[in-house]
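Be aware that the sequence shown starts at 1, since it is given in full-length UniProt numbering, and climbs by one per residue.
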Amino acid sequence: MAEAPASTGKQTKRPITRQKRWSQKVKTGCITCRSRRVKCDESKPVCKRCLKGNFQCHGYAPGRNSAATATELRPLVARPSLQLSSSPQLNGSSDVRDLILLIHEISTITEDHIAPFTPSKYILYRGRGVLSYVAQLPRRAGYNSTLDAALKSLSHVMRLFEMRKFTSAQPALERQCLIFYGDAIAQLKDDLADPVQCLAPETLCAVELLSFFESFFTDDPQPTLAHALGAARLIEHRGHKRFRTDFEKSLLTSQLTSISMQAFMRHEAPFLDSVEWLSVVVGAEEGHDYGAHLATDRSQACLDYFVHFMPILTFLTRCTVVLGMEDNRHKTDELEHLGAQVILKRSLLYRWADAMTVRYGGRDAHDEYWPDLEMSLIAQMILYNRLCFALGLPGRYAMEKETLQMSNRYALNHNPSPLTYQRQALVMFISALARGTVATASAWREASVHRSDGDDSQFGDPIPKAVYVRWLRAIGVQI
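Below, the structure written as structure tokens:
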């Protein structure tokens, strides 16, 4: 019988079956982990695995196809001193949440110097600090592609703005911002060409957001001004009757500063200076006495301020026209009519200023509100007093004395701290107004004394148009 072969002592190796480290399909977990095919810890509202790996967590969706809605997986760009958004980021809402975070962060930025004043620069600085309807944006995100594109471009440029505080070179992020901006512009052009969509509040909101984009992307005020002018034209085109909801009214009131400064810069009467528009601004019924009205809160006081400011811009423009009239009889009639209106509105302003001083003046030095309101009131007083002087109204010398006292206080860059972007814009404006008024004081006094023999109790001859125009140019008016 044949013998069995001798054992060699070696065992036959079994073939190794390679095990997969991750499953082909992950049925539970957040959208991001399912797309990456990794186990999710399913923490709410965002999973800790995404945060630990520095990935955007796109939240949870009940349907199996929800993973298809996840955007491109990429590490988050670290933002210094900012916390990551802690909510699911779908349908553009992530951009809104980042926007809300960054608006608060940027609105508290302070500077230690005052930039030279130009009206367009004023609009630029105000644009960086004012976005009154930001709290209403979350419910608007995800329903209008143009608005979503504008939100995306603005949230990215605000991240860029924050990053520039730490390093100036951000070419990749700048290119990304411009790509999103170009997409928003393309969609906005289509909406503006549509006779129905151009009247939608989302379209107006997109225009305003792109104006804010420009203010954060570049220090050149001209692109910001171009969008601000577009927003003003669109508001006028929509008409006062279309501003009914809180969101629409917020879109209007957020542009009050820009519209008034555009009128000041271009030396034209603002379209908002009408009973219909002012009623929308303050939410008043027909027959409302704007001069007698006293705001019960600060936000309403801010709106009331513009009710007093808009007529000044109209008066400044009309005064130029009247002073240039050659028909003396017609000129005299117009001077009397304009003078009566100026005196009436000035008295209403002073009455309102006295009430505001009692309510808010003398507060704690840390009160953020009163310094800004005080500067705004003084700016209006200077303009009204100069109008009275230019028209040769009784009491003009006493008014000019008061004007120079106020102007000398602010001509030397009176600087209440902290100097946020909003306050920077206001200080720029009143400092330029004060310096221009002080610089032209002697020329005004000489022209007035020469033409009216120094009599202050009666109507006198008006200031020559050339003297008046030199003052306007000195305070920043483009005439």
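Backbone N, C-alpha and C fix where the C-beta goes; we use that ideal spot for every residue, glycine too.
This structure is a prediction, so every number in the text was calculated from the model and none was measured.
Cβ shell of GLN458 (< 7 Å), same chain only, five flanking positions each side left out: PRO394
Whole angstroms is fine: what's the gap from TYR410's alpha carbon to LEU349's? Each residue's alpha carbon lies about 20 Å from the other.
Would you call the stretch 133–149 in contact with the stretch 161–179, where contact means no fewer than 3 C-beta pairs closer than 8 Å? no
Let me know if ARG29 comes out buried or exposed under the rule of 16 or more other beta-carbons within 10 Å of its beta-carbon. Sequence inspection shows Gly at residue 29; the Arg mentioned does not correspond to that position. The residue is buried, with at least 16 neighbouring Cβ atoms inside 10 Å.
To the nearest angstrom, report how far apart ARG318 and LEU338 are at their CA atoms. 8 Å
Select from LYS249, PHE264, PRO195, ALA172 the residue whose C-alpha is nearest the C-alpha of LEU472. PHE264
Count the CB pairs spanning the stretch 325–332 and the stretch 396–411 that are closer than 8 Å, and state whether there are at least three. no
Under the rule that 16 or more other beta-carbon atoms within 10 Å means buried, what is ILE479, buried or exposed? Exposed: under 16 other Cβ atoms inside 10 Å.
Assuming LEU204 and ARG238 are in contact, meaning their beta carbons sit under 8 Å apart, how far apart are those beta carbons, in whole angstroms? 7 Å
Out of LEU160, SER168, VAL96, GLU162, point me to the one whose CA is closest to TYR133's CA. VAL96
Quick check on DSSP: helix, strand or coil for PHE55? strand
Are THR314 and VAL281 close, meaning C-beta to C-beta below 8 Å? no
Can you tell me the Cβ-Cβ gap for THR437 and ILE382, rounded? I've got them flagged as a contact below 8 Å. The beta carbons of THR437 and ILE382 sit about 6 Å from each other, so the pair counts as a contact at 8 Å.
How far does the alpha helix (DSSP H) with ASP219 in it extend, from its first residue to its last? Taken as a continuous stretch (DSSP letters only), ASP219 belongs to no alpha helix (DSSP H), as it is neither H nor E.
Residue range of the alpha helix (DSSP H) that PHE247 falls in? 246–253
Along the chain, where does the alpha helix (DSSP H) that runs through GLY339 open and close? 328–360
Nearest-angstrom Cα separation, counted from HIS308 out to VAL467: Taken atom to atom, the span from the alpha-carbon of VAL467 to that of HIS308 is near 26 Å.
What is the residue span of the alpha helix (DSSP H) that GLN380 lies within? That run of the alpha helix (DSSP H) goes 369–390.
Hey, how far is the Cα of ALA70 from the Cα of GLY59? For ALA70, the predicted structure reports a pLDDT of 32, less than 50, and the residue's modelled location is therefore unreliable. The matter cannot be settled from this model.
Outcome for ALA67 when other beta-carbon atoms lying within 10 angstroms are tallied against a minimum of 16: Caution applies to ALA67, whose pLDDT of 34 falls short of 50 and renders its modelled position unreliable; the value that the coordinates give is listed next. By the neighbour-count rule (16 or more Cβ atoms within 10 Å), ALA67 is buried.
So what's VAL280 in DSSP terms, helix, strand or just coil? helix
When you compare the CB positions of TYR305 and SER407, do they come within less than 8 Å of one another, or not? Cβ atoms of TYR305 and SER407: not closer than 8 Å.
Taking only the alpha-carbon atoms, compute the straight-line gap between LEU391 and GLN405 and give it to the nearest angstrom. 21 Å
What would DSSP say about GLY287, mapped onto helix, strand or coil? Bear in mind that a pLDDT of 45 at GLY287, under 50, signals an unreliable position, so the number given afterwards is only what the model happens to contain. Three-state DSSP puts GLY287 in coil, outside helix and strand.
Shortest alpha-carbon distance to LEU433 belongs to which of SER448, ALA443, GLY361, LEU412? LEU412
What first and last residue would you give for the alpha helix (DSSP H) that runs through SER274? Per DSSP, SER274 belongs to no alpha helix (DSSP H) and is neither H nor E.
How many Å lie between LEU188 and LYS331 at the Cα? 47 Å
Which term fits TYR143, buried or exposed, when burial requires 16 or more other beta carbons within 10 angstroms of its beta carbon? exposed
Going by CA-CA distance only, name the one from PHE271, ALA135, GLU214 that's closest to MET158. GLU214
For ALA232 and GLN255, believed in contact at Cβ under 8 Å, the rounded distance: 7 Å
Mind checking whether the beta-carbon of GLY283 lies closer than 7 Å to any heavy atom of the ligand GDP? Ligands in the displayed structure: none, and consequently the ligand GDP is not present.
Tell me which same chain residues have a C-beta within less than 8 Å of the C-beta of LEU173, skipping the five on either side of it? Only VAL77, HIS156, ARG159, LEU160, MET163 meet the Cβ criterion.
On the CB-based measure, 16 or more other CB atoms within 10 Å of its CB, does GLY460 come out buried or exposed? buried
I need the boundaries of the alpha helix (DSSP H) containing VAL134, first residue and last residue. VAL134 -> no alpha helix (DSSP H), and no H or E assigned at all.
So, at 7 Å on beta carbons, what are the nonlocal neighbours of LEU335 in its own chain, with the 5 sequence-adjacent residues on each side left out? VAL322, LEU391, PRO462
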